[in-house]
Amino acid sequence: SSNQMWGGRFASGPAAIMEEINASIGFDKKLYAQDIRGSKAHATMLAHQGIISAEDKDKILHGLDTILSEIESGQFVFSRKLEDIHMNVEARLAELIGSAAGRLHTARSRNDQVALDFRLWVKEELQKTEAALSALIAAFLDRAEEHAETVMPGFTHLQTAQPVTFGHHCMAYVEMFGRDRQRVRHAIEHLDESPIGAAALAGTGYNIDRHMTAAALGFREPTRNSIDTVSDRDFALEFLSIASICATHLSRLAEEIVIWSTPQFGFIRLSDAFSTGSSIMPQKKNPDAAELVRAKTGRINGSLIALLTVMKGLPLAYSKDMQEDKEQVFDAAESLELAIAAMTGMVTDMTIRTDKMKAAAGSGYSTATDLADWLVREAGLPFRDAHHVTGNAVAMAEKKGCDLAELSLEELQGINAAITADVYNVLTVEASVASRKSFGGTAPSEVRKQIAWWRERN
Ligand code: ARG
């Protein structure tokens, strides 16, 4: 049988394989609430403008409400023959209210309809992401405050570099997720224009009011160019880009959690709630949640590349290629939501092993820079000379198998005569972090300022 929506010029229906490749209802049914909201706003506007009668509008609104409850109660029967969510809803509307249903699609095309539905969906998802990131930031702020004085090794090249505080390290992630949240907010602003009324691509001859539908649907204003409106998937690409960058941050954190929770590092203990055991090795406690967060990043990045590749080279305006936008965004959104939530749980629950962190912070000659700085400040050496002298001290300590602070004053003076007993004050990890009071530095006093700054903004 030929299609009830465009059967006029078709003698036969689609091949089975055509139906299969063409249908999107399997995934775009997720857009049902947005589709119905959009249709109600459109029908209300059409009646307000005298394009359809008030009676027809009332029937349409009532029918759409019925469909919404049918879908939400699981009674609605989706049909692949009807391709997508838009036609499934409209066909059911015709069953429910008869010929008035046929007036809903006046001054509208599925091209602006799908652009509207998907934008509304992405906007809501961005709002959810913003809230989820705020929760993650809050979890980090609490841990940072608790551990503003906890000393741990800071790394470069994953080699011990200089002592830092765990609070400072936590605040580095607050900065990252704070930027992600800013990107989310900007994306919401960028997409806050209503596509409905662009029609197929050229606009419409009906006297519609696009400002009215924009306001009814919570958009700032209508889009300005009808061709761009139905061709544009920047809002989806932007969501995927933001998701990829955020997932990259989550993945770096996941990797640190994996490393920190090894017996070799032992910086943290994951809660039972966020780890798994081994079916063969009884001693094991595995950081599976962190590993999966790390892996979801690959999936999210894949979605970004997939949609960029779909969109590149598409001529204006709508092409069916664009139907491939939704699964990528839905999948990435689900993965990102899960990853942020799992990370929030892990960060909140993990035990910080301050003793282990502190012991590691003092190993690897992490205060060598402090010795060099002391030589510059107290003995007036140029930094490069001080660096050389300190290098000699490290070599001596390494040969003796001890820490810098365990070298005797005589030994140190043998390397440079200007060294006095005062130097031992800067060789502890506590003194090292406390001295780094430059703006944004790791000193507990600075970290507390950063925490206060973020508390006001979270
Ligand atoms: N299911 C389609 C999509 O997701 C809806 C738009 C169809 N428009 C069209 N002209 N065939 O993109």
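full-length UniProt numbering applies: residue 10 is where the sequence shown begins, and numbers increase by one.
The beta-carbon is built from N, C-alpha and C at its ideal position, and this holds for glycine as well.
Enclosing alpha helix (DSSP H) for residue i [first to last residue]
i           : result
residue 173 : No alpha helix (DSSP H) contains residue 173, which is instead part of the beta strand (DSSP E) from 168 to 174.
residue 72  : 63 to 81
residue 110 : No alpha helix (DSSP H) holds residue 110; DSSP gives it neither H nor E.
residue 60  : First-last for residue 60: undefined, no H or E at that position.
residue 460 : 453 to 466
residue 122 : 119 to 155
residue 116 : Element bounds for residue 116: n/a, residue is neither H nor E.
residue 438 : 438 to 444
Range of the contiguous beta strand (DSSP E) that encloses residue i
i           : result
residue 161 : 160 to 165
Simplified DSSP assignment, three categories, for residue i
i           : result
residue 92  : coil
residue 376 : coil
residue 53  : helix
residue 48  : helix
residue 361 : strand
residue 203 : strand
residue 344 : helix
residue 87  : coil
residue 187 : helix
residue 390 : coil
residue 448 : coil
residue 12  : coil
Any non-hydrogen atom of ligand 2 closer than 6 Å to residue i Cβ
i          : result
residue 33 : Although ligand 2 was asked about, the structure shown includes only ligand 1 as ligands.
Residue i CB to nearest heavy atom of ligand 1 below 6 Å
i           : result
residue 119 : yes
residue 337 : no
residue 14  : no
residue 168 : no
residue 468 : Coverage of the chain is limited to positions 10 through 467, which leaves residue 468 absent and any answer about it impossible.
residue 93  : yes
residue 123 : yes
Original post:
Unbroken beta strand (DSSP E) runs of length 3 or more, entirely within the region 208 to 262: which are they?
Top reply: none
**OP:** Within the region 15 to 43, note down every full beta strand (DSSP E) run reaching 3 residues or more, in order along the chain.
**Re:** Scanning the region 15 to 43 from its first residue to its last, no whole beta strand (DSSP E) run of 3-plus residues comes out.
**OP:** Run through the region 399 to 431 for me and flag every whole alpha helix (DSSP H) of 4 or more residues, listed as ranges in chain order.
**Re:** 418 to 424
Original post:
In chain order, which alpha helix (DSSP H) runs of at least 4 residues are fully inside the region 268 to 335?
Top reply: 297 to 320
Original post:
Touching or not, the region 174 to 187 and the region 212 to 229, by the rule of three or more beta carbon pairs under 8 Å?
Top reply: A contact between stretches requires three or more CB pairs, one per stretch, nearer than 8 Å, and the region 174 to 187 fails this requirement with the region 212 to 229.
Original post:
Looking at C-beta atoms only, is the number of pairs between the region 225 to 234 and the region 268 to 283 that lie closer than 8 Å three or more?
Top reply: no
Original post:
Just checking, does the region 106 to 126 make contact with the region 46 to 60 on the three C-beta pairs under 8 Å criterion?
Top reply: yes
Original post:
Any contact of the region 168 to 177 with the region 380 to 394, i.e. 3+ C-beta pairs under 8 Å?
Top reply: no
**OP:** Taking 8 Å as the threshold, find out whether the region 309 to 318 comes into contact with the region 237 to 256 through three or more Cβ pairs.
**Re:** Touching, yes, given that three or more Cβ pairs across the two stretches are closer than 8 Å.
Original post:
Are the region 295 to 303 and the region 275 to 287 touching, with three or more C-beta to C-beta distances below 8 Å?
Top reply: yes
Original post:
How about the region 360 to 379 and the region 427 to 439: do they share at least three Cβ pairs that are nearer than 8 Å?
Top reply: yes
Original post:
Quick check: the region 232 to 247 against the region 202 to 215, are there 3 or more CB pairs under 8 Å?
Top reply: yes
Original post:
Can we say the region 150 to 170 touches the region 356 to 373, given the rule of at least three CB pairs closer than 8 Å?
Top reply: Contact holds: three or more Cβ-Cβ distances are below 8 Å.
Subject >> contact_flag[the region 71 to 79, the region 137 to 144] where n(CB pairs < 8 Å) is 3 or more >> reply: Result no; under three Cβ-Cβ pairs closer than 8 Å.
Original post:
Do the region 346 to 354 and the region 145 to 160 touch if we need at least three Cβ pairs shorter than 8 Å?
Top reply: A contact exists between the region 346 to 354 and the region 145 to 160.
**OP:** Count the CB pairs spanning the region 355 to 368 and the region 327 to 344 that are closer than 8 Å, and state whether there are at least three.
**Re:** Contact between the region 355 to 368 and the region 327 to 344 is absent, because fewer than three Cβ pairs lie under 8 Å.
Original post:
Is the region 31 to 39 touching the region 327 to 337 in the sense that three or more CB pairs, one from each, lie closer than 8 Å?
Top reply: yes
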